[in-house]
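Here's the structure we're looking at; comments come further down.
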Amino acid sequence: MAVHLAFSIAGAVLGKLGSLAVQEIGLTWGVKSELNKVKDTLGTLKAVLLDAEVLQDENHELQVWLERLKQVCYAFGDVLDDFEVAALQRQVIQGNVKRKVRDFFSYPNTLVFHIKMAHKIKGLRKKLDQIGADRVKFHLTERHDNRKVAPRDRETYSFLCDTDVFGRERDKQIVLGLLLDPDGDESLHVLPIVGIGGLGKTTLAKMVYNDERLKEHFELRIWVCASEGFSMKKLLGEIIIAVTNEPCDDLNMDHLQAHLRGTLEGKRFLLVLDDMWNDDRVKWVELLSLLKCGSNASKIIVTTRSLLVASVVGTIPPYELEDMPHVDCVSLFLRWAFKEGEAMRYPNLVRIGEEIVKKCKGVPLAVRTLGSLLYMKRNERDWLSVKDCEIWRIAQKEGDILPALRLSYDNLPSYLKPCFAWCSIYQKDKRISSIELIYQWMAHGLIQPSDQTQNLEEVAEQYIQDLWSRSLFQEVRDLGFVLTFKMHDLVHDLALLVTQSEHKTIHFRSQDIPRNTLHLSFCDVQPIPQEATASSLLELENVRTIYVQFSQLSPTRYFAVACLSRLKCLRVLDLRCSRFEKLPSSIGGLKHLRYLDISFNKNIKALPRSLCKLHGLQTLGLYSCVKLEKLPRHFGNLISLRCLLITTQEKYLPLKGFRCLTSLRYLSIQGCPNLEYLFEDAGESQSAIMKQQILNSLRTLRIRDCESLVSLSKSFRYLTALENLVIVNAEKLEFVKDEDHGITEGGGGLKSLRRLNISRLPKLVAFPQWFHQSAATTLNHLELWDCPSLTTVPKHLKSLQNLCLVRCPLLSSLPEGLDCIPTLGEVRIYECPELIRRCQREAGEDWLKISNVPKVYLDGVKFQNTTNN
């Protein structure tokens, strides 16, 4: 079995060896010399690892050698993490000198601990030396890796425009004919669309689903992903949510069925069940009988890879999607491989490209992947290398295109390979959140900045952009403060291929978990069997990830105790939707833990004090923990925290604790019914707050559903690094009053703010003067929704790019200076009667303020202005 990621893992260890914390403690503990030897040996080995990873497919002994090296690197990584934990502990203690705590380095058993660590390092160094000596037998040569991510403008990645679709118009017309045939209106018809993964079944279904004729023909259109793992209850719930947009997680089957009948009764609907795998005819007949409550003229489309599924569900012969015609594949390839109009300048490359396209066998995903791979490469040797690559001859079962996708993986820079491979932890068809992904990458040390001044979150955002540009991510949505996206099933299969020795997805029909597993993903619709799972986990001391996929799993305290008892190498522990009332105090023993998420636990009331011992914790998820009374007293000891998602019953957040969170970048506060003040700083003076520099690294702040919130506190005004601010549904909040002067002169103000989204603030009348002053030059995106008392909009926003005003009836004019903003590209105004009147084309008093804006929408009517700014 091929061994992947050795180069990346070795690079990560070398990065840690060069860190200041490791160097300082190495000197203190007397192991600096050993660490330098490790650094030299590993640096020499790393130089030839790229060559080893390429040659290993034909050399089993080389695979074994790479695996040995990986295991030693993992062990070294754990030791170096121990160093960093010790440094963090010392930092916390030095910052709490008033508390009666002894310095870590004065503990009586410190000498014993130092000796133990020194022996461990020496033993690992000897193993590494032996591995280094063995490399000569493989005659490896040095290869170079381009580790630079192509720079991109952070503000330009919208990703909302779909790629042009080639070669499926004929298929679309045939499917439309089948769905609109009046002879088929006598009974509910099910049309399966069948083909291999990546052939374009979902694309075809979307083309049909969004056709204007179908929109007029059907009263309801419903799209549901029916991927593997769906239970009947979940499927019914998804259908109901798609129609009503109302959650129904708490309904039992009887109520779900009644709700479904009430929703569809007598209506002509089109239902698309995309990516269906279940061939259980009994379950299908049960579902179909429930759906027959609608009009007989309703239709169902099922996309599937399986002819067996098609035979189970279909009432008419399946539509078997054929390979895309070669001419369309070539057009698609050229679109991805060249800039528009550039192909004609390279006729030789086009001819080679036509040969490359033949290898894709009419599968659009493979075509697009290889086209992206060759984008901006204009050397014939690169194109011929792809055309003649040996990887195409790797045996694959019929219908697979993994060789094409594997080629895309092999051409990733080394730093992107483990980041891509990590995504195999997710269930297929999952919509991935960039926030979740970035901080999981970070927890495993996968983000490698080129220098120490780079912000890790920004580097990770570039990684996501690069993976998207290579077609490894798709269906990207930009929600302003977060991106969401998916991986195509075949791309996910590729990720599984390169991580199969380390990542294990657990279905509880099979309890066999290989002992060398490092990352565990639980994805089953059945509850976790406590005893069996616990006993299995106890055998896996080196596991680094526990990730629970579905809410139905509901991890219990028994399961949590099993996770915490012996899994001391855990970096990521995701127990969302757990139902235990207490998080075990043994959580404090997971000194390597970087990512902990217990969101959506409806029972937990308090967190153990031992949690505050996790000085290396970077992400803490406490969303929708509706009974959580307060944060632990020494919460501020979590000095490495970068991402905090919180729901609490507290009236204010503890300023003393948050003052210590100098690394915090992302703070989301949601569903806090008692929260009145952001922080309890009401009695502190402006100068005192300035000296505290609270949350001076915070980039994103989200506040949602805090109906008692009356003030954002004085501290809020000094979030000088804040770039994104979202406030939704705070009915008592007046934003911030203009009671302090000289804020911007004193170094305060939101002088980095780029994006402001405010919605459902009925008491908001105007923005304070200090806000106008501090954000005037940086704000580029402003959205104001449902603010019935708002009378003015911030003015003189020199960098504004997008302005959206919705249901703010008291707004009587647009802000001054709008016509002088060259960057303004889009203005949207909905349900603001007086403002709409004043903005009418030519006749409105405010029309000249927006007459040069390229896109203007007034109550949905689009005005395309062609005048240059």
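Numbering (mature numbering (1 follows the signal peptide of the UniProt record, and there is no 0)), first residue to last: -15 to -1, 1 to 854. Here a beta-carbon is modelled for each residue, glycine too, at the ideal position from N, C-alpha and C.
Per DSSP, Cys314 is one residue of the alpha helix (DSSP H) stretching across 311 to 322. Look at Thr530 here: in three-state DSSP terms it is strand. For the 8 Å CB-CB criterion, Arg253 and Glu307 do not form a contact.
Non-local beta-carbon contacts of Glu460 in its own chain, meaning distances under 7 Å to residues more than five positions away in sequence, involve Phe470, Lys471 in chain order. For the 8 Å CB-CB criterion, Leu30 and Ala(-6) form a contact. The DSSP-derived three-state label of Leu613 is coil. It is roughly 28 Å from the alpha-carbon of Val77 to the alpha-carbon of Arg687. It is roughly 46 Å from the alpha-carbon of Lys200 to the alpha-carbon of Ser696.
Between Ile572 and Leu596 a beta carbon distance of about 6 Å is seen, short of the 8 Å cut, so the two are scored as contacting. Counting only residues of its own chain and dropping the five nearest sequence neighbours on each side, Leu109 has a CB closer than 8 Å to the CB of Val23, Val57, Ala60, Phe61, Val64. For the stretch 590 to 656, the full-length alpha helix (DSSP H) segments reaching 4 residues or more read 640 to 643 along the chain.
The three-state secondary structure of Tyr59, taken from DSSP, is helix. Inclusion of Leu613 and Leu607 in the CB contact set at 8 Å is warranted, their separation being smaller than that value.
Beta bridge pairing from DSSP links Lys489 with Leu505. In this structure, Asn765 keeps its C-beta atom at 8 Å or more from the C-beta atom of Asp804.
Here the alpha carbon of Val209 sits roughly 18 Å from the alpha carbon of Ser291. In the three-state reduction of the DSSP assignment, Trp14 falls in the coil class, being assigned neither a helical nor a strand state.
Contact between the stretch 310 to 321 and the stretch 294 to 301 is absent: fewer than three C-beta pairs spanning the two stretches fall below 8 Å. 8 Å or more divides the Cβ of Leu790 from the Cβ of Ile806.
In the three-state DSSP reduction, Asp582 falls in the strand class (E or B). Take the alpha-carbon of Leu236 and the one of Asp582: they are about 25 Å apart.
With respect to the C-alpha of Leu746, the residue from Leu355, Glu719, Glu566, Val179 having the closest C-alpha is Glu719. According to the DSSP assignment, Pro303 belongs to no beta strand (DSSP E), since it is labelled neither H nor E.
Spatial neighbours of Ser212 in its own chain (CB-CB distance under 6 Å, excluding positions within 5 residues in sequence) are listed in chain order as Asp260, Lys413, Asp414.
When secondary structure is reduced to three states using DSSP, Cys408 falls in the helix class.
The DSSP-derived three-state label of Thr469 is strand.
By alpha-carbon distance to Glu421, the top candidate from Gln603, Gly326, Gly829 is Gln603. Here Ala190 really is in contact with Ile286; their C-beta atoms are around 6 Å apart, less than 8 Å. Its Cα nearest to that of Asn659, the residue Glu716 stands out among Leu629, Arg53, Glu716, Arg684. DSSP places Cys805 in the helix class (H, G or I) of the three-state scheme. Secondary structure at Phe458: coil, using DSSP grouped into helix, strand and coil.
Under the DSSP assignment, His174 falls in the beta strand (DSSP E) whose first and last residues are 174 to 179. Look at the beta carbons and you see the stretch 217 to 225 not touching the stretch 176 to 189: under three pairs across the two are nearer than 8 Å. Within a 10 Å sphere around the beta-carbon of Glu819 sit fewer than 16 other beta-carbons, which makes this residue exposed. Non-local beta-carbon contacts of Arg594 in its own chain, meaning distances under 6 Å to residues more than five positions away in sequence, involve Pro617 in chain order. Distance from the CA of Lys402 to the CA of Leu431, rounded to the nearest whole angstrom, comes to 9 Å.
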